[in-house]
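Everything on this sheet refers to the single structure shown next.
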Amino acid sequence: MSKKQQPPTYGGQALIEGVMFGSKNHTVTAIRRKDDSLDYFYVPKEQKPLSAKLKRIPFIRGIVALVESAGIGSRHLTFANERYDVMPGEEVEPTEEETSKLGMIIGVAAIGVLSFLFGKFVFTLVPVFLAQMLEFMAPGKTAQILLESFFKLALLLIYISLISMTPLIKRVFKYHGAEHKVINTYENGLPLTVENVQSQSRLHYRCGSSFLLFTVIVGMFIYFFVPYDPFWLRIVNRILLIPVVIGVSFEVLQFTNSLRNIPVLKYLGYPGLWLQLLTTKEPEDDQVEVAIASFNKLLEIEERGIENVEILKSTDGKEQETTVPVN
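Just so you know, the sequence shown maps onto residues -6 to 320 in the working numbering.
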């Protein structure tokens, strides 16, 4: 099959009481409101010439995609946070307290790309210091790098486990599972019904959770090729190599996704899938309905154009005259 004949690739992001889906040119969110109705939000993906060129360059395209996803994802997250727990018509401009609440949610709920940008320094540098403190038990470059990688993985797993204990994040993780199930249903060519979606796996090879784990594994191998001593140089190397680790990890993620239907080789992506057992939960039917509505709205926009599709909330903040009913 030629590249032109390949079906489009869709991605997504779990939100508070909702799901965002995106394609090459569009992103759309559906959330469940307090009165049980659905609300939509749309943000276009602007195809800037420079970023389009950079996204064709291996090892650079991952960084560009990460930055773009962070910017767009934060707008969808803001929309969901401001509207999910208020009745339609009662929306108000966010106060300083609500803005602070949003910052807390972004920091806590963050398993996706946006949190990765803010937390990468912590997850990169803290393990270096921990490993150095135990140098008397694990001396030498190889032992230190292995110990550092162990601490990095342990911190990641502990962080995810702790935040998953909160009711809010548990629900976000269920929407994360619903997002994956919808994508798997679509990619398997099945109609998007609740029954079909629920029958699919909540795991997916392209998930950002897999990307997080690959940064740990890829970073470990890259560190073997840079100077280890003195300690200050090790710290500098870790900071400077963050974009390198991100770029290579993105390519590894794409590579394992391309092998997911090949016997034996498909197991290369399993470590990332195992991590998703923590970052996704089995969704409830009403959560699946929200994910289906979001994806169907994206497909409708792709087919008809955004100018011909009504949504309740648009990216310019202006209310549309009518609300699209959800069956």
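Here a beta-carbon is modelled for each residue, glycine too, at the ideal position from N, C-alpha and C.
To the nearest angstrom, how far is the alpha carbon of residue i from that of residue j?
i	j	result
I294	A124	51 Å
E180	D279	21 Å
Y260	N254	10 Å
F34	P220	48 Å
L148	I210	14 Å
T377	Q191	No answer is possible for residue 377: it lies beyond the span of the chain, which begins at -6 and ends at 320.
Q313	A286	Here the model assigns Q313 a pLDDT of 38, short of 50, so the residue's position is not dependable, and the following value carries that caveat. The straight-line gap from Cα to Cα measures roughly 18 Å.
V119	Q247	28 Å
G262	L205	12 Å
K94	L292	The predicted position of K94 is uncertain, since its pLDDT is 49 and thus under 50; a value taken from the coordinates is nonetheless stated next. Distance between the alpha carbons of K94 and L292: 32 Å.
D28	Q269	31 Å
P256	N250	13 Å
G105	V245	Any reading at G105 is ruled out, since the residue's pLDDT is 46, under 50, leaving its predicted position unreliable.
I151	I53	30 Å
P132	E75	51 Å
A63	L140	30 Å
P1	I138	40 Å
I9	T71	9 Å
L258	T208	20 Å
Taking residue i as the reference, give the member of the options with the closest Cα.
i	options	result
C200	W267, S67, K290	W267
R26	K41, F224, R54, V79	V79
M17	L31, A45, A7	At residue 17 the sequence reads Lys, which differs from the Met that was named. Looking at the Cα atoms, A45 is the closest of the given residues.
D32	N230, V21, L139	V21
Q40	I65, T71, F143	I65
L59	E275, L233, F116, V238	V238
M158	L226, K145, L271	L271
L47	L258, F288, G240, K274	G240
T273	S154, L146, M126, E300	S154
I232	F144, F116, M130	F116
L226	A284, F122, I304	F122
F224	Y3, K134, N189	K134
Could you tell me which residues DSSP puts in a beta bridge with residue i?
i	result
L31	R25
H19	P37
F14	G5, V21
Contact check, residue i vs residue j under 8 Å by CB: the rounded distance?
i	j	result
I56	P236	6 Å
H19	K38	6 Å
S194	G265	Going by Cβ atoms, the distance from S194 to G265 rounds to 13 Å, so no, they are not a contact pair.
G15	Y77	With a Cβ gap of about 19 Å, G15 and Y77 do not count as contacting.
H197	I176	6 Å
E172	G298	In fact, because the Cβ distance is near 24 Å, the residues do not count as touching under 8 Å.
P276	K174	7 Å
P81	S142	Contact doesn't hold; Cβ gap of about 49 Å is too wide.
Using 9 Å as the limit for Cβ to Cβ distance, is residue i near chain B?
i	result
F144	Here chain B cannot be found, since the structure has a single protein chain.
Three Cβ pairs or more, each shorter than 8 Å: is that satisfied between the segment 183 to 198 and the segment 206 to 224?
no
Is it true that the segment 278 to 292 meets the segment 155 to 172, where meeting means three or more beta-carbon pairs spaced less than 8 Å apart?
yes
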